[in-house]
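Contents: one structure, followed by commentary.
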Amino acid sequence: MTEEKRIEQLRKQLEKYAIEYYINDAPSVSDQEYDRLMQELIALEEKHPELYDPNSPSQRIIGSVLKGFEKVVHAQRMLSLSNVFNKEEIEDFVARIQKQVPNPEFVVECKYDGLAMSLLYEHGRFVRAVTRGDGSVGEDVSNNVKMIQSIPLYIEEKGPVEVRGEVYMPKKSFELLNELQETLHLPLFANPRNAAAGTIRNLDSNIAKKRKLDAYWYYFQNAMDYGIKSQQESLEAMKQLGFRVNETYRVCKSAEEIWTFIQEMASKRSALPYEIDGMVIKLNDLAAQRSLGITAKAPRYATAYKFPAEEVTTRLLDITLSV
Ligand code: NAD
Numbered sequence: 004m005t006e007e008k009r010i011e012q013l014r015k016q017l018e019k020y021a022i023e024y025y026i027n028d029a030p031s032v033s034d035q036e037y038d039r040l041m042q043e044l045i046a047l048e049e050k051h052p053e054l055y056d057p058n059s060p061s062q063r064i065i066g067s068v069l070k071g072f073e074k075v076v077h078a079q080r081m082l083s084l085s086n087v088f089n090k091e092e093i094e095d096f097v098a099r100i101q102k103q104v105p106n107p108e109f110v111v112e113c114k115y116d117g118l119a120m121s122l123l124y125e126h127g128r129f130v131r132a133v134t135r136g137d138g139s140v141g142e143d144v145s146n147n148v149k150m151i152q153s154i155p156l157y158i159e160e161k162g163p164v165e166v167r168g169e170v171y172m173p174k175k176s177f178e179l180l181n182e183l184q185e186t187l188h189l190p191l192f193a194n195p196r197n198a199a200a201g202t203i204r205n206l207d208s209n210i211a212k213k214r215k216l217d218a219y220w221y222y223f224q225n226a227m228d229y230g231i232k233s234q235q236e237s238l239e240a241m242k243q244l245g246f247r248v249n250e251t252y253r254v255c256k257s258a259e260e261i262w263t264f265i266q267e268m269a270s271k272r273s274a275l276p277y278e279i280d281g282m283v284i285k286l287n288d289l290a291a292q293r294s295l296g297i298t299a300k301a302p303r304y305a306t307a308y309k310f311p312a313e314e315v316t317t318r319l320l321d322i323t324l325s326v
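Counting from 4, one number per residue, gives the positions in the sequence shown under this note's numbering.
The structure is reproduced here in C-alpha cells:
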C-alpha cells in the first residue's frame, strides 16, 4: 500500500473510532490502539505535508455536539492536549519550553479519565455547565452536572468565573452501576469514562442523580483577571472558592523530576479511587503559557503523558482478581 493510501485509510479508521467513542460511548478498540494509529497518522502526515487536510482527525478536536441539549459557544475554545509516550519525549517537551522560557517550572497533575467540562458563574451563582463538544461549541448539560454534590452552586467571587475540569465516575460508583445493570439484564458499561459520558448525555437528570459522579477542577479560565500568576496559584484559588481540586500534583523543575513523579503515580494508580490514563505536564507561569500560543488543537505550554498499554493489562488483571 502506498503511504498516501495508508494516510487515507488511517483518517477513515480514526474517524470511525472517534464516532464510536465520543458519540456512541461504545469504543471497539482500546485507547492505546487508537493512540498508536494516531501516532502513525501524524508521522505519515509530517512526511507528506502536501497531503495536509484540515479535516484530518490529527488536526481536529474530535467530539460531538448532541441533539437534545442547548448549544453553547465557548468564549475561549476548549482544546485537547498533545501527547507524549516516553521519557525522551518528555525531555524534548521540556527542552522546547526551556528554549523560550528561562528556568521554567512545571505543574504535573493526574490526567483524569472522564469528560471535560466548563462551569460558568456570574454574580456568585452557578450559571451553566457545558461539555467540550467540538471545542468551539458544546452542550449545556447543567441539569445533569448540578446533580454532582461537590459542585458549588454559589461562590464568594461576584465577577464572572469560568473553571474547567473533568467529570468522572469514581471506580466504586462504576462497580455498583455495572452490578445493577447486570441484575437488570442491561448491557454493561465498558469503563468508567464511557459510563460518565453516557450519564452526562442522558436527557433524564434522575439518572445522573442516581449514578454518583464526581469532578476535579484544574483550569481557571480567566485567572489573570484576578491577579493569579501561575497554574499552582490557580489550583489554590479554585480550592479557596470551593471547587474540588486534587491535592495530588507536584511542581517540578526538570524532565528528571517530572519522570520521577510520573513513575510514583504509575505505581499508585491502581489504588486510586478514580481512573487516570496519564499525567498532564503544564508550564506553571501563566504569562509564559500565553506567550507560547496554541497549535491547531492543543496549547504549546502543556502535554499529556499517556501510561503504556502493559499497565492497563495489569490493571484489568487486578480488577479480575479482586472480583
Ligand atoms: P486527551 O484525552 O489526549 O487529552 C485532553 C483531555 O484531557 C482534556 O480535554 C481534558 O478533558 C483531559 N484532562 C484530564 N485531566 C486533565 C488535567 N489535569 N489537565 C488538563 N486536561 C486534563 O484528548 P482527547 O481529545 O480528550 O481524547 C483523545 C483520546 O481519547 C485519545 O488519545 C484516545 O486515548 C481516546 N480515544 C479513544 C478512542 C477509542 O476508540 N478507543 C477513540 C477516540 C479517542
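For glycine and all other residues, C-beta sits at the position ideal for the given N, C-alpha and C.
Predicted, not measured: the structure shown is a model, and the values here were computed from it.
Opposing strand residues paired with residue i [DSSP bridges]
i      : result
Val170 : Leu118 and Ala218
Lys309 : Gly281
Phe223 : Val166
Leu328 : This structure cannot settle anything about residue 328, because the visible part of the chain is limited to 4 through 326.
Asn86  : Ala307
Ser233 : Asp288
Tyr24  : Note: Tyr24 sits in no beta bridge, so no partner.
Glu142 : Lys74
Phe109 : Cys255 and Leu286
Tyr157 : Arg128
Residue range of the beta strand (DSSP E) that includes residue i
i      : result
Lys285 : Ile279 to Leu286
Phe129 : Arg128 to Thr134
Lys74  : Lys74 to Val76
Arg9   : Per DSSP, Arg9 belongs to no beta strand (DSSP E); it is in the alpha helix (DSSP H), Glu6 to Ala21.
Proximity test, residue i beta-carbon vs the ligand NAD heavy atom, cut-off 8 Å
i      : result
Tyr219 : yes
Ala21  : yes
Ser208 : no
Gly141 : no
Ser121 : no
Leu275 : no
Ser59  : no
Ser31  : yes
Tyr304 : no
Ile64  : yes
Leu84  : yes
Tyr124 : no
Ala46  : no
Asp38  : yes
Leu289 : no
Leu118 : yes
Ala299 : no
Separation of residue j from residue i, as counted between CA atoms
i      : j      : result
Thr317 : Phe310 : With a pLDDT of only 43 at Thr317, under 50, the local geometry of the prediction cannot be trusted, and no value is derived from it.
Arg131 : Gly245 : 16 Å
Ala312 : Gln35  : 6 Å
Ala199 : Leu216 : 7 Å
Thr5   : Leu47  : 11 Å
Thr202 : Ile231 : 34 Å
His126 : Glu43  : 48 Å
Tyr229 : Glu182 : 46 Å
Tyr55  : Glu49  : 9 Å
Ala211 : His51  : 46 Å
Gln103 : Phe192 : 45 Å
Leu324 : Ser31  : Any reading at Leu324 is ruled out, since the residue's pLDDT is 37, under 50, leaving its predicted position unreliable.
Ala2   : Glu94  : Because the chain is modelled from 4 through 326, residue 2 falls outside the range shown and cannot be assessed.
Pro173 : Ser208 : 18 Å
Gln12  : Glu250 : 43 Å
Leu123 : Val248 : 16 Å
Asp143 : Tyr24  : 20 Å
Arg128 : Met227 : 20 Å
Glu260 : Pro190 : 43 Å
Lys19  : Met241 : 37 Å
Ala274 : Gln101 : 34 Å
Element boundaries [alpha helix (DSSP H), containing residue i]
i      : result
Gly201 : Pro195 to Ile203
Glu91  : Lys90 to Gln103
Arg303 : Run containing Arg303: none; DSSP gives neither H nor E here.
Tyr37  : Asp34 to Lys50
Ala211 : Ser208 to Lys213
Closer than 8 Å: residue i CB and nearest the ligand COA heavy atom
i      : result
Arg135 : In the structure on display, the ligand COA does not appear, and the ligands it does have are the ligand NAD.
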